[in-house]
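Heads up, the sequence shown is in the working numbering, so the first residue is 1 and it goes up one at a time.
All residues carry an ideal CB built from backbone N, CA and C; glycine is no exception.
Quick caveat, the model's predicted, so the values are computed rather than measured.
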Amino acid sequence: MGQPQIILASASPRRRELLEQIGIRFEVQTADVDETPLPGEAAEALVERLAKSKAEAVWNARRGVLHTPILPVLGADTLGLFEGELLVKPSSFADAQRMLRRMSGNWHEIFTAIALTTANGTQVRVNRSKVKFRSVTDMEILAYWETGEPQDKAGAYAIQGRGAVFIERLEGSYSGVMGLPLFETAQLLATASIKTL
1 MGQPQIILAS ASPRRRELLE QIGIRFEVQT ADVDETPLPG EAAEALVERL
51 AKSKAEAVWN ARRGVLHTPI LPVLGADTLG LFEGELLVKP SSFADAQRML
101 RRMSGNWHEI FTAIALTTAN GTQVRVNRSK VKFRSVTDME ILAYWETGEP
151 QDKAGAYAIQ GRGAVFIERL EGSYSGVMGL PLFETAQLLA TASIKTL
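Shown next as structure tokens:
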């Protein structure tokens, strides 16, 4: 595969797949960042802050290891928003059921921020997409929960998995909803002279 071009500050399998899709060689190093929203913090500001914090935490950890060359670090964060409520990972079936019931037949927003930290500092891009769910029944919600898929997903669904059957319409970036908007990612990587084609 060759030498890595960047460090991915995320353990997400979806983000790894998306980077591989555009031919980027990377290694993974995660950062332990407190993801608690600040009082009154808007969704877009929150994902931007978290993506930046993750990238910079890994950059600073790497900088302390003198024998390791410092590669650009890519951080990312994704969350949903429905009528002012942050759509985070469900804490239980009841929590997932509540979120999916509310989204049923309605639009919600997905914000994904990506941050690239290099010796020149950190640059951030935020992608905003809108997703419309079809009407979903309680039986479908239970059956979906029992697949195990929604249990660790923000908003209790995965667009790239079985949750795709609930999605009637998408306005924005499919890869952004997955967790790594490839258009914005390619733009950021280009600033560090990393080509995706």
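- Rounded to the nearest whole angstrom, the CA to CA distance from E17 to R128 is 21 Å.
- Uninterrupted beta strand (DSSP E) stretches at least 3 residues long and entirely within the region 20-60 occur at 26-28, given in chain order.
- Given a length threshold of 4 residues, each whole run of the alpha helix (DSSP H) inside the region 65-134 is given here in chain order: 93-103.
- Judged by beta-carbon spacing, L116 lies within the 8 Å limit of L188, meaning their Cβ atoms are closer than that value.
- Listed in chain order, the non-local C-beta contacts of E149 below 6 Å within the same chain comprise A158, G161, R162, local neighbours out to five positions each way being set aside.
- The Cβ-Cβ distance between R125 and I110 does not fall below 8 Å.
- Around the Cβ of E85, a 10 Å sphere holds fewer than 16 other Cβ atoms; the residue is exposed.
- A check of alpha carbon separations from V177 across R169, Q151, R102, T112 identifies T112 as the nearest.
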